[in-house]
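Q: Dropping a structure here in structure tokens format, bear with me for questions.
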Amino acid sequence: MAETELAREREYVAALYERLDRLRTEAEAELVTVRRENVGGNHQSRSERDAFARVYEDRIAQLREVGERLAFGRLELTDPDAGGSTLRYIGRIGLRDENLEPLLLDWRAPQARAFYQATAATPLGARARRHLTTRGRDVIRIEDEVFDSTLLDEEGTQLQGEGALLAALSAQRTGQMHDIVSTIQAEQDRVIRSDLAGFLVVQGGPGTGKTAVALHRAAYLLYTHRDRLGSSGVLVVGPSRAFLQYINAVLPSLGETGVVLSSLGQLYPGLDATAEDAPAVAALKGSAEMAALIRRAVRSRQRVPEADVRLEINGESLILQPQLIADAMAKARETGKPYNEGRVSFVKNVLGQLTRQLADQLRRRGSTVDDADMAYLREDIRTAYDVRVALNTAWIPLTPEKLLEDLYARPQWLATLTGHWSRAKRELLRRERGAAFTVSDVPLLDEAAELLGDYDQGDVAKKRAEKAQHKRDLENAKNAIRNMDVAGQVSAESVVAGFAESVVSLTTAERAASDRSWTYGHIVVDEAQELSPMQWRVLLRKSPLRSFTIVGDVAQASSAASSTSWEATLSPLVGENWRLEELTVNYRTPSQIVDAAERVAEANGLRVTRSQSVRTTEWPVTALATSDLGGLDAAVVDELTSMLRAGGTAAVIAPESLFDRLRSVLSAEFEGAIGVGVAGLTRDIALLTPADAKGLEFDSVVVVSPAALIAENTRGASALYVAMTRPTQRLSLVLAPGEHPPAGL
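Position 403 of the sequence shown, counting from 1, maps to 1331 under our numbering, and the rest follow consecutively.
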């Protein structure tokens, strides 16, 4: 019976792949046809053609990204009309046959809800749920959960197995996050499908699936709210580039490619900061008082001269009075424009006043000055060296980078802006010009850019013209979509972005990455407990609709500027406009590791969200004492050798003081298998700091010198908690000479 059922599922899934391939071939052929169509110069016709083309391009991209595990489940639903059951297959995308009958339900569709939430007590109309385990395009195993006991008496019913979840959790890690669409459980599914509006905080300990929930929620929201999010996109913010590499392949596998991934160091266009400041410096740069400091710094670059300034203009002398400058500044500020854009108004006003002053002076000497002459006089004044110097001295154009460099490199200027600061506090910001910007500088640059506005006014005019053209193109695209009745299949924004005549067709992600002022329909923040107040200010500017999914664990807060309370973090920003969901079931980490890590965390003063692990493994947590550094090296090598023999990926999480030593030892012992940092994720063994390992998972982990990890990190207990909760199978602690096991173990 089981073999018959397996053969039946193989046949059905093979048919799904045949349909997938056929649809992709048809879409590719249709795209070629549409692109060859000659519509002449008519803008409306071009918009209609490109709307069709965009539909096919999006569909082809979606069909190509599916890869393996097209279908992973089946629901047997009660069908009162048929007097029996209806079968519905669940997969990464939706598929229909030639008659538009459903062959495969998209996992995000409301009709698929029972696949994740049905239980024997609350079956949600489901009689049974089947999990399909595949390899490539072949079904290799099926397992059933029966909710309707009468099915057990019916001929041909497959007996229920242990389910797919534990098998998926026990599988070895591959360096990239596992696709767990088919194993999302009811607790997680409720969070994934939560309302779009407001601030949703998802709190959970390591292994409770927070990141999986965040990514699936991003895909679900794009699917459910495509009209709102299709053109603006969803931003997913992670703590590091290593984290982004880790999850990079997950969202396409969920059926969505319109998500923008960014680390905290990439939130300012053109900058990919990876360097970290010392903890005290990072804490200061991340504090909310930096926003006020930058505001004062910008305002201080507008200076009224203390005395009259003599200007030489083609042999004529003019007196520039301080009051004229002050009045022009006041008028420019009244416009409410950012600094650089306000400067344009200021310059126009001053040039106008000086032009009238020069004309009056010439008339008093008997010269005739008519309206045509005024333009020439204005140009003479604008290009005069003295005038340019005076205007720049009063209100110099600035870039965010220049402002921040000056703030760091000019201690006297900083002192005038921070009279209430101590000298030691100011010294924390001291840095020479030309030094690379750090991750903590990114929100300060963004803050400055918000206050300064565009530096190049030529670019401003170009952007204004492009915006007007974009508006016209958008209206044409909307008309084309209405005319062709393809609403819901393609957005007007995507049509405009993909005009055939464009040299480059940019995706939402590419357009957003190059535009600092881009605003998103929704923002997902992973490891959110690490964000500083200044980083939160950046993200709030990027989501004026205030739609956020905030994922994290306050017990893992490790950075100097992070918070250990969601209320303390969010209340100053959004008041009471946030809601909390907690994940309490640990799917990733074996119970013996969960228990050990939570005991150590609590013994070291951390407040943890206790979780219940659903699995255990055969390996107990071990703490190995060593008598000298040679013994430490040997213990690490022995543990890794045993772990690699069992299979899967391994990580060594160590303090920086032992990093160089361990890199040398491991490279010699495991030639070609050891990688450091981001590169380590593609090797069998990754050598990482706790910060590198944040958010990642490995089959086996060796934690070296827990005491040194605690001592070297600002929030050392959190760093150790992170390190101990990375493995999915096996954990060993190797103690330095003379070191005792951590408290609680």
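For glycine and all other residues, C-beta sits at the position ideal for the given N, C-alpha and C.
1. Identify whether Y1151 lies in helix, strand or coil by the three-state DSSP scheme.
2. Just mark E1375 as buried or exposed, buried being the case when its beta carbon has 16 or more other beta carbons within 10 Å.
3. Measure the beta-carbon distance from D1612 to T1577 and round it to whole angstroms, keeping in mind my assumption that it falls under 8 Å.
4. Could you give the residue range of the beta strand (DSSP E) that holds W1349?
5. Identify every run of the alpha helix (DSSP H) within the stretch 1206 to 1236, keeping only runs that are complete inside it and at least 4 residues long; order them along the chain.
6. In or out: A1040 buried (at least 16 other Cβ within 10 Å) or exposed?
7. By DSSP, does N1277 sit in helix, in strand, or in coil?
8. Please list the terminal residues of the continuous alpha helix (DSSP H) segment that includes S1628.
9. Take the Cβ of E996 as the centre, count every other Cβ of all protein chains shown within 10 Å, and call the residue buried at 16 or more, exposed below.
10. Whole angstroms are fine: how far does the CA of L1031 sit from the CA of R950?
11. Under the three-state reduction of DSSP, which class applies to F1476: helix, strand or coil?
12. Do G1135 and Y1515 have their CB atoms nearer than 9 Å?
13. I think V1188 touches G1161, with their Cβ atoms under 8 Å apart; what is that distance to the nearest whole Å?
14. For I1581, is the classification buried or exposed, using 16 other Cβ atoms within 10 angstroms of its Cβ as the cut-off for buried?
15. Under 8 Å Cβ to Cβ from P1665, same chain only, skipping five residues before and after it: list those, please.
16. Just tell me which of A1343, L1468 and A1337 has its CA closest to the CA of A1364.
17. I think I988 touches E956, with their Cβ atoms under 8 Å apart; what is that distance to the nearest whole Å?
18. Tell me which residues share the same chain as T1327 and place their Cβ nearer than 6 Å to its Cβ, disregarding the 5 neighbours each side in the sequence.
19. Closer than 6 Å by C-beta to V1315: which residues in its own chain qualify, once you throw out the five before and the five after it? Chain order, please.
20. In three-state terms, what does DSSP make of L944?
21. Leaving out five residues before and five after R1261 in sequence, what residues of the same chain have Cβ atoms less than 6 Å from its Cβ?
22. Taking the beta carbon of H1144 as the centre, do at least 16 other beta carbons fall within 10 Å, making it buried, or is it exposed?
23. Would you tell me roughly how many angstroms separate the C-alpha atoms of S1368 and L1331, rounded to the nearest one?
24. So, at 6 Å on beta carbons, what are the nonlocal neighbours of T1656 in its own chain, with the 5 sequence-adjacent residues on each side left out?
25. Under a Cβ-count criterion, where at least 16 other Cβ atoms within 10 Å of its own Cβ denotes burial, should V1453 be classed as buried or exposed?
26. Would T1610 be called buried (16 or more neighbouring beta carbons within 10 Å of its own) or exposed?
27. Name the residue from G1133, P1038 and T1006 whose alpha carbon lies nearest to the alpha carbon of F1075.
28. Tell me, please, which residues DSSP counts as bridged to G1022.
29. From what residue to what residue does the alpha helix (DSSP H) around Q1116 run?
30. Using the Cα positions of A1645 and A1574, report the straight-line distance between them to the nearest angstrom.
31. Where does the unbroken beta strand (DSSP E) through T1656 begin, and where does it stop?
32. So, for S1471: in the same chain, excluding its five sequence neighbours on each side, which residues have a beta-carbon less than 6 Å away from its beta-carbon?
33. Apart from the five residues just before and just after T1550, which ones in its own chain have a Cβ nearer than 6 Å to its Cβ?
34. Tell me the DSSP secondary structure of G1001 in three-state form.
35. Assign L1248 to one of three DSSP states: helix, strand, or coil.
36. DSSP three-state call for A1485: helix, strand or coil?
A: With the structure as the only source:
1. helix
2. buried
3. 6 Å
4. From DSSP, W1349 is part of no beta strand (DSSP E); its letter is neither H nor E.
5. 1207 to 1214 and 1217 to 1228
6. buried
7. helix
8. Premise fails: S1628 lies in the beta strand (DSSP E), F1626 to V1632, not in any alpha helix (DSSP H).
9. exposed
10. 14 Å
11. strand
12. yes
13. 5 Å
14. buried
15. T1554, S1555, D1556, L1557, G1559 and L1560
16. A1337
17. 6 Å
18. Y1383
19. L1239 and I1309
20. helix
21. none
22. buried
23. 15 Å
24. R1516, E1625 and D1627
25. buried
26. exposed
27. T1006
28. In DSSP, G1022 forms no bridge with anything.
29. A1114 to I1120
30. 30 Å
31. P1655 to V1662
32. Y1448 and I1451
33. S1660
34. strand
35. strand
36. coil
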